[in-house]
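Asker:
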Amino acid sequence: MDILYFAWVRERIGLPREQVQTTAATVADLVVELRAKEERYAVAFSDLSALRVAVDQELTEFDAPLEGAREVAFFPPMTGG
Amino acid sequence: MRIIVQQGSFDPGAELNAFSKGRSDIGAIVTFSGVVRDVIGDELRSMEIEHYPGMTEAALTKIASEAQARWDLGDLLVIHRHGRLEPCDVIMMVATAARHRKHAFEAAEYLMDYLKSRAPFWKKEYTKTDAGWVVSKTEDEDALKRW
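Protein chains in written order, with the numbering used here: chain U, 12 to 92; chain S, -4 to 142.
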């Protein structure tokens, strides 16, 4: 599965995207796996209320299922306009 | 309907003229332009706008399609830049065209409210002394509730 990071999430983790092997059933399960990887992940994912998530380029919630998903992106609330 | 996400600058006046040219069915055009603003108490040197290629276009198209479904619009235009911008640069514009102004005004406000917190753009400000990501405002999220 492709995992993408944007804005300060990208900076904190130190890379814009990576591939991970996962059997996580939901986004929240995936976050638990990512947090366990390294300290920088634990820091980036310490407060989920400060993060938003998109599954296959569609904004969703952290309890969203990952079955069939190809791409998950994590980022802070958007600030366009 | 045109949705454009680009790195380069654009001329909002020229875009408006092209948008309205030859449309005798249109009685009202509303435009909004977002501009790189100074930082109070500091000196803004530049702004970097990051986005999520693919999702950005999809999110903008979804928002624009919803606006077309809700209001009687002749046409609409969204242009949003990404990459490095300088103070006073135009970041983005929306234009809505309708037979009557109420539809054009409301649709433009709707597009802006949703674009601000549902289209995947993130701004980083580089000032004389600091660099930091712009923090989203709770009123931007609250603004969606009226629709």
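Heads up, the beta-carbon is just placed ideally off N, CA and C, and yes, glycines get one too.
Using the beta-carbon of each residue, which ones in chain S are nearer than 9 Å to L70 (chain U)?
Answerer: Here residue 70 (chain U) refers to the residue found at position 59 of the first sequence. The contacting residues are M50, A54, R113 and P115.
Asker: Which residue wins for smallest C-alpha separation from I35 (chain S), given the options S:T133, S:A90 and S:K123?
Answerer: Position 40 of the second sequence, counted from the first residue, corresponds to residue 35 (chain S). The shortest Cα separation from I35 (chain S) among S:T133, S:A90 and S:K123 belongs to S:K123.
Asker: Would you say G3 (chain S) faces chain U, with C-beta separation under 9 Å as the test?
Answerer: Taking the second sequence and counting its residues from 1, the one referred to as residue 3 (chain S) is at position 8. So, not an interface residue.
Asker: Which value, in whole angstroms, describes the spacing of the CA atoms of I14 (chain U) and I(-2) (chain S)?
Answerer: As a first step, residue 14 (chain U) is located in the first sequence; it is residue number 3 there, counting from the start. As a first step, residue -2 (chain S) is located in the second sequence; it is residue number 3 there, counting from the start. Going by the C-alpha atoms only, they are around 26 Å apart.
Asker: Less than 9 Å between CB atoms is the rule here; does L15 (chain U) satisfy it with respect to chain S?
Answerer: Counting from 1 along the first sequence, the entry for residue 15 (chain U) is found at position 4. So, interface residue.
Asker: On the criterion of 16 or more Cβ atoms from any shown chain inside 10 Å, does M146 (chain S) qualify as buried, or is it exposed?
Answerer: Nothing can be reported for residue 146 (chain S): it is not among the residues displayed for chain S, which extend from -4 to 142.
Asker: Determine which residues of the segment 71 to 89 of chain U have a Cβ less than 8 Å from any Cβ of chain S, and write them out in chain order.
Answerer: Listed in sequence order: A84, F86, P87, P88 and M89.
Asker: Mind listing which residues of the segment 76 to 94 of chain S have their C-beta closer than 8 Å to chain U's C-betas, in chain order?
Answerer: The residues in question are I86 and M87.
Asker: What residues from chain U crowd round K118 (chain S), counting only those whose CB sits closer than 8 Å?
Answerer: Here residue 118 (chain S) is taken as the residue at index 123 of the second sequence, counted from 1. Chain U residues near K118 (chain S): T90 and G91.
Asker: Counting only Cβ-Cβ distances shorter than 9 Å, please list the residues of the segment 35 to 56 of chain U near chain S, keeping chain order.
Answerer: Of all residues in the segment 35 to 56 of chain U, none has a Cβ within less than 9 Å of some Cβ in chain S.
Asker: Could you pull the DSSP bridge partners for H98 (chain S) from this structure?
Answerer: Here residue 98 (chain S) refers to the residue found at position 103 when the second sequence is read from its first residue. H98 (chain S) pairs with nothing; no bridge assigned.
Asker: Put F27 (chain S) into one of helix, strand or coil per three-state DSSP.
Answerer: As a first step, residue 27 (chain S) must be located in the second sequence, where it is residue number 32. If DSSP states are grouped into helix, strand and coil, F27 (chain S) belongs with the strands.
Asker: What does DSSP give as the partner residues of L39 (chain S) in its beta bridges?
Answerer: Against the second sequence, residue 39 (chain S) aligns to sequence position 44. L39 (chain S) is bridged to S:T122.
Asker: Is it buried or exposed, Q1 (chain S), if we count other Cβ atoms within 10 angstroms and call 16 or more buried?
Answerer: Here residue 1 (chain S) refers to the residue found at position 6 of the second sequence. When all chains shown are included, Q1 (chain S) counts as exposed.
Asker: Measure from the C-beta of E136 (chain S) to each C-beta in chain U and report whether the shortest distance is under 9 Å.
Answerer: Position 141 of the second sequence, counted from the start, is the residue given in the question as residue 136 (chain S). By this cut-off, E136 (chain S) is an interface position.
Asker: So which residues of chain U does L110 (chain S) contact, with C-beta pairs closer than 8 Å?
Answerer: Within the second sequence, numbered from 1, the residue matching residue 110 (chain S) stands at position 115. Within 8 Å Cβ-Cβ: G91 and G92.
Asker: Say whether chain U places a C-beta atom closer than 9 Å to the C-beta of M107 (chain S).
Answerer: By one-based count along the second sequence, residue 107 (chain S) stands at place 112. With 9 Å as the cut-off, M107 (chain S) counts as an interface residue toward chain U.
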